[in-house]
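**Student:** Numbering (numbering that gives the first Met the number 0), first residue to last: 0 to 150.
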Amino acid sequence: MDYEFFMKEAYKEALKAYEINEVPIGCVIVYDNTIISRAYNRRNIEKNTLKHAELIAIDNACNVINDWRLENTTIFITVEPCPMCTGAILQSRIPTVVFGTRNKKAGCCGSILNMLNNNSFNHKASIIEGVLEEECSLLMKNFFKKLRKKG
0 MDYEFFMKEA
10 YKEALKAYEI
20 NEVPIGCVIV
30 YDNTIISRAY
40 NRRNIEKNTL
50 KHAELIAIDN
60 ACNVINDWRL
70 ENTTIFITVE
80 PCPMCTGAIL
90 QSRIPTVVFG
100 TRNKKAGCCG
110 SILNMLNNNS
120 FNHKASIIEG
130 VLEEECSLLM
140 KNFFKKLRKK
150 G
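#1: Please classify I174: does DSSP put it in a helix, a strand, or coil?
#2: Does the region 22-33 come close enough to the region 70-77 that 3 or more CB-CB pairs lie under 8 Å?
#3: In the structure shown, what three-state DSSP assignment does G106 receive?
#4: Just reading off the beta strand (DSSP E) that A38 is part of, what are its end residues?
#5: Can you give me the Cβ contacts of N102 inside the same chain, cut-off strictly under 6 Å, excluding the 5 residues immediately before and after it?
#6: Using only the alpha-carbon positions, how far apart do F120 and Y17 sit?
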């Protein structure tokens, strides 16, 4: 699987969020080497805390596959997922998580804790981190720099 190719697609989604002043996180879900779902953060636009890129992408992928189990898929996210999104990844049985940059304040794939490899849960997922890390990190930094200038 071409991790960089699919992360570039997730990055394109993050740019869409950036353009509408959302935290620039993008996500794609891949099944059989094909993107079946893409999404970006829409929490502020929709005024709904559940509108994280990962949750929107998971919901769309479930509709495409017509099942709540997303086994045999890979999720690509520009930023390490938060506890809510990591929980949804576990619950949907996504076996592989690929992310670009760490989220030191809320990341649950190793930054704050590692929910995906916690023996207390009945499911686990493998983690591949640092794919297009520099680009993903820079986009987040630029977004928050722009936000501070506005405020």
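Where a beta carbon is used, it is the ideal one built from N, C-alpha and C, also for glycine.
**Tutor:** Quick look at the numbers:
#1: A question about residue 174 goes unanswered here, because the residues of the chain that appear run from 0 up to 150.
#2: yes
#3: coil
#4: 33-39
#5: V78, E79, S110
#6: 34 Å
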